[in-house]
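*Asks:*
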Amino acid sequence: MSAKEERTRRDDVAGYQGYHMTPAEFRRRGYQLVDWVANYMECVEDYPVRSRVQPGDVRAALPEEAPDGPESFDEMIADVDRAILPGITHWQSPGFFAYFPSNTSGPSILGELLSAGLGVQGMLWSTSPACTELETLVMDWVQRMLGLPEGFRSDRGGGGVIQDSASSAVLCAIVAARERATEGAINRDGASGGLTAYASEHVHSSVEKGVRVAGFGETKLRKVSTDRKYAMDVAELERAIEQDREAGLVPAFVCATVGSTSSHAFDPVAAIAEVCRREGIWLHVDAALAGTAAVCPEFRWVHDGLEGADSYCFNPHKWMFTNFDCDCFYVRDRGALVSALSVLPEYLRNAATESGAVIDYRDWQIPLGRRFRALKLWFVIRHYGVEGLRYHVRRHVELAQEFARWVDESEEFERVAPAPLTLVCFRSVKGDEATERIEETVNEGGRVFLTHTKLDDRYVLRLSVGQTWTEHRHVATAWEELRAAAQEV
Ligand code: PLP
């Protein structure tokens, strides 16, 4: 339909609908867009995985000014095909092995659509009771599904909340730790005090950002050295805490990582928890990627020692077929978190809050407003069932383990870190320059995409399995391409 015809249609209903998309039109366009997304799922493998555009190309392909009058949906979709798709790096391609998975699935996308359709703002229980109660229920389901400590359940004084990201989760954990360490003094008076935080040198950058934002100051984050498996050295942690106490500082927060971003290292949580218990320090465990593995009983070891943690998070938006954004954040004692983040202006007062019988999740996060994210996770869990999730997690682990074996048996490559789950770190036996050239050649080919890190100052390739549609043949293609590129260097 032309833009002119669409305008005429709008005129027909003007006065009531004005320029809005009518429900009838939404229905038609909605079916069209769902078809588009389903086609995308079917064909995503055919696109070069990494976008090939140059800086500025996408903007240059689009008008500089916003349109004066309405444009048709057909024109919009045509522009998506022409100008947007070339600028997409296809995270949903089964050849995507870069960074970490950010996977999605049909039930998740439909849950997201429903959430947008309902358009709920779930800041308080009373602004949409179902938004809060479904979230609490789903978080309690997940606690059981992953075998997390019972203390994280909503009926045990703790509880779970869905955050937008692991970065927000760790920031909430840091402000809760700050609240506990200063008995609320920082919130009241704003004095930053001499609070210190600790994490391994391989901790995710979000912790560094969190301690900045929470006012500790980044020089107060102690990066504890690691052992040969890139896991935190607990004796070093103890020494750092002792030195800080001697200097009159206040150790307040430790972050242990299970499945670090760079190499998938596992910090020894039980030993770290023991130190934190003795010292009265808040322990947060970041399992952003690896946490999903615990849905399988044989991988529950990823959470060894977690019962000693004060807070924990993992990302269904990485490896549980739930599209970004969806981070599950748990605390053992919700008191410190709520006390750190609760501000109650008159315009939000309501009888349910006053009764104390409900959860108001605005007090469990930094922003006031919140989306109905539980819907998509609820849809995913119900669609797959625990059994379906286990099946796919096991499949991904098997694929990565097979790739690790190929690396170990090859003459061209060597493995440089343990690969207990889905991330394999390896390099060319010819050194850094060769490894970097292999990476570039493979990525330019377009069928697969992988990225690198540095471990012990050496350039290292990372193959991260976990995209929803990845099968054996995609991992085999990655291996063929790597070996072919290795012949050329
Ligand atoms: N923690 C770890 C271990 C990660 O691998 C990542 C991923 O980038 C993050 C935190 C940050 O996750 P998010 O993007 O949800 O903030």
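Just so we're aligned, residue 1 is where the sequence shown starts under this note's numbering, counting upward by one.
A virtual CB, placed ideally from N, CA and C, is assigned to each residue, including glycine.
Can you tell me which of the three DSSP states F321 falls into?
*Replies:* Correct three-state label for F321: coil.
*Asks:* What is the DSSP secondary structure of T104, counted as helix, strand or coil?
*Replies:* Three-state DSSP puts T104 in coil, outside helix and strand.
*Asks:* What is the residue span of the beta strand (DSSP E) that I162 lies within?
*Replies:* Where I162 is concerned, the enclosing beta strand (DSSP E) stretches over 159-163.
*Asks:* May I ask you to report which of helix, strand or coil DSSP gives P251?
*Replies:* Three-state result, P251: strand.
*Asks:* So, are the CB atoms of R483 and R458 less than 8 Å apart?
*Replies:* Contact flag unset, no.
*Asks:* By Cβ distance below 7 Å, which residues in the same chain neighbour T451 in space, the five residues on each side in sequence not counted?
*Replies:* Excluding residues within five positions, the ones whose Cβ falls inside 7 Å are A98, Y99, R462.
*Asks:* If we ignore side chains and look at the alpha-carbon of each, how far apart do S72 and C255 end up?
*Replies:* Taking the straight line from one Cα to the other gives about 50 Å.
*Asks:* Can you have a look at Q32 and say buried or exposed, based on whether 16 or more other CB atoms are within 10 angstroms of its CB?
*Replies:* Exposed.
*Asks:* Taking buried to mean at least 16 other C-beta atoms within 10 Å of its own C-beta, is Q143 buried or exposed?
*Replies:* Buried, because 16 or more other Cβ atoms sit within 10 Å of the Cβ of Q143.
*Asks:* According to DSSP, is D68 part of a helix, a strand, or is it coil?
*Replies:* In the structure shown, D68 sits in coil (DSSP, three-state: anything other than H, G, I, E or B).
*Asks:* Keeping to the same chain, check which residues put their C-beta closer than 8 Å to that of R334; ignore five residues upstream and five downstream.
*Replies:* Excluding residues within five positions, the ones whose Cβ falls inside 8 Å are G157, G158, G159, W364.
*Asks:* Note down, in chain order, each residue of its chain lying with its Cβ closer than 6 Å to the Cβ of A169, except the 5 sequence neighbours on either side.
*Replies:* Result list for A169: Q163, C313, D327, F329, in chain order.
*Asks:* Need the endpoints of the beta strand (DSSP E) that T196 sits in, please.
*Replies:* Element bounds for T196: 195-200.
*Asks:* Consider the C-beta atom of N350 and the heavy atoms of the ligand FAD; say whether any pair is separated by less than 7 Å.
*Replies:* As for the ligand FAD, it is missing from this structure, which binds only the ligand PLP.
*Asks:* What residue does the beta strand (DSSP E) around T453 start on, and which one ends it?
*Replies:* Per DSSP, T453 belongs to the beta strand (DSSP E) from 451-455.
*Asks:* In whole angstroms, give me the CA-to-CA distance for R180 and R245.
*Replies:* For R180 and R245, the distance between alpha carbons rounds to 17 Å.
*Asks:* Locate the alpha helix (DSSP H) running through S339, then write down its first and last residues.
*Replies:* Counting along the chain, the alpha helix (DSSP H) containing S339 begins and ends at 334-341.
*Asks:* From L455 to S263, what does the alpha carbon distance come to, in whole angstroms?
*Replies:* Answer to the nearest angstrom: the Cα atoms are 8 Å apart.
*Asks:* Where does L283 fall in DSSP's three states?
*Replies:* Reduced to three states, the DSSP call for L283 is strand.
*Asks:* If we call anything under 8 Å between Cβ atoms a contact, is I438 one with A485?
*Replies:* Yes, the pair counts as a contact, with Cβ atoms nearer than the cut-off.
*Asks:* Quick one: Cα of R373 to Cα of L118, how far?
*Replies:* The alpha-carbon atoms of R373 and L118 are separated by roughly 12 Å.
*Asks:* Compute every distance between the C-beta of S206 and the non-hydrogen atoms of the ligand PLP, then say whether any falls below 7 Å.
*Replies:* Yes, the Cβ of S206 comes within 7 Å of a heavy atom of the ligand PLP.
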